[in-house]
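Shown next as structure tokens:
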């Protein structure tokens, strides 16, 4: 892993504009702060574009989107494109309803995303690959590598497919990551926070595949470290330990 990505985030303290779902705002803000970024949440149409124009990166997460929030997402995405800063899409639960699918379709038509991140079921839906989902969760089984490659090619973006093994595809190159822990599946917003941390990593001066890999590798490593602490016995005690772990160095997480 390119540790310079993590170091640069902590030196730069990038301001990340999170247009994210209401369920995870507090967790996302605290997790990003621990990691080294600076969060702001602004979803009003009247300020979304202006806020994006002063940010270092923008995350658009459709987890609890309503029709009234869509214009703000478009404005923020367009402002990010105009400024030349990274903008990440997290198509949460796109396979659950036609409304979510339409929201993502409109966003993809009007915003060029630096990266798209989602679980295998969500990302498969973007490229019409059959995949079983349960609400916003991916429960099917298939080729995550193929999905990452197709999403990257179709939308001219870096694709990050999360799961037991993560797959990152950028310009035809696929990288795999195996760090992580099952407790991440038992807490609300684990994927959503990863989207914010990915956005922060994309603000650094490194190749995009290094930026994306650093985000998912470090995130999974922090989860492994937190779960291994003696006082952690389940998802409830894991949560604060995970926030603590996100503030550590790679050497500390590896026990060096």
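Numbering (the numbering used here), first residue to last: 4 to 259. All C-beta atoms in this analysis are idealised placements derived from N, C-alpha and C, irrespective of residue type, glycine included.
In chain order, each alpha helix (DSSP H) run of at least 4 residues that lies wholly inside the region 63-93: Segments of the alpha helix (DSSP H) lying fully in the region 63-93: 73-86.
Helix, strand or coil at residue 106 according to DSSP, with G and I counted as helix: In this structure, residue 106 counts as helix in the three-state DSSP scheme.
Assigned exposure category for residue 57 - 16 Cβ within 10 Å defines buried: exposed
Sequence-distant residues of the same chain with beta carbon closer than 7 angstroms to residue 137, five excluded per side: At residue 137 the pLDDT is 49, less than 50, meaning the model places this residue with poor confidence; the figure from the coordinates comes in the next sentence. Take residue 137, set aside five residues on each side of it, and no residue of its chain has a beta-carbon closer than 7 angstroms to its own.
Buried/exposed call for residue 94, threshold 16 Cβ in 10 Å: By the Cβ neighbour-count rule, residue 94 is buried, with 16 or more other Cβ atoms within 10 Å of its own.
DSSP three-state assignment for residue 57, whether helix, strand or coil: helix
Endpoints, the beta strand (DSSP E) within which residue 22 is located: 18-22
6 angstroms CB neighbourhood of residue 211 in its chain, flanking five on each side removed: 161, 173
Length of the line joining the Cα atoms of residue 240 and residue 232: 10 angstroms
Residues near residue 141 by beta carbon distance below 6 angstroms, same chain, minus five either side: Model confidence at residue 141 stands at a pLDDT of 45, short of 50, so the residue's coordinates are unreliable and nothing is read from them.
Of the residues 206, 251, 228, the one placed nearest residue 17, counting alpha carbons only: 206
For residue 243, three-class secondary structure by DSSP: helix
Within the region 166-225, ranges of the alpha helix (DSSP H) (whole runs, at least 4 residues): List check, alpha helix (DSSP H) in window: 193-204.
Range of the contiguous alpha helix (DSSP H) that encloses residue 155: 147-158
From 104, 118, 96, residue whose alpha carbon lies closest to that of residue 151: 118
Nearest to residue 175 (by Cα), restricted to the options 184, 149, 194, 191: 149
Nearest-angstrom beta carbon gap, residue 35 and residue 203 [assumed within contact, 8 angstroms]: 7 angstroms
Cβ neighbour criterion (16 or more within 10 Å) applied to residue 105: Answer is exposed; the Cβ neighbour count stays below 16.
Beta-ladder partner(s) of residue 44, from DSSP: 21
Within 8 angstroms, strictly: CB atoms of residue 14 and residue 23: no
Burial state of residue 181 (16 or more Cβ within 10 Å): exposed
Residue 258 - DSSP class collapsed to helix/strand/coil: Note: residue 258 maps to coil in three-state DSSP.
Buried versus exposed call for residue 165 [16 or more other C-beta atoms within 10 Å across all chains shown]: buried
Cβ pair residue 111, residue 158 closer than 8 angstroms: yes
Three-state secondary structure (DSSP) of residue 98: coil
C-alpha gap between residue 221 and residue 177, whole angstroms: 18 angstroms
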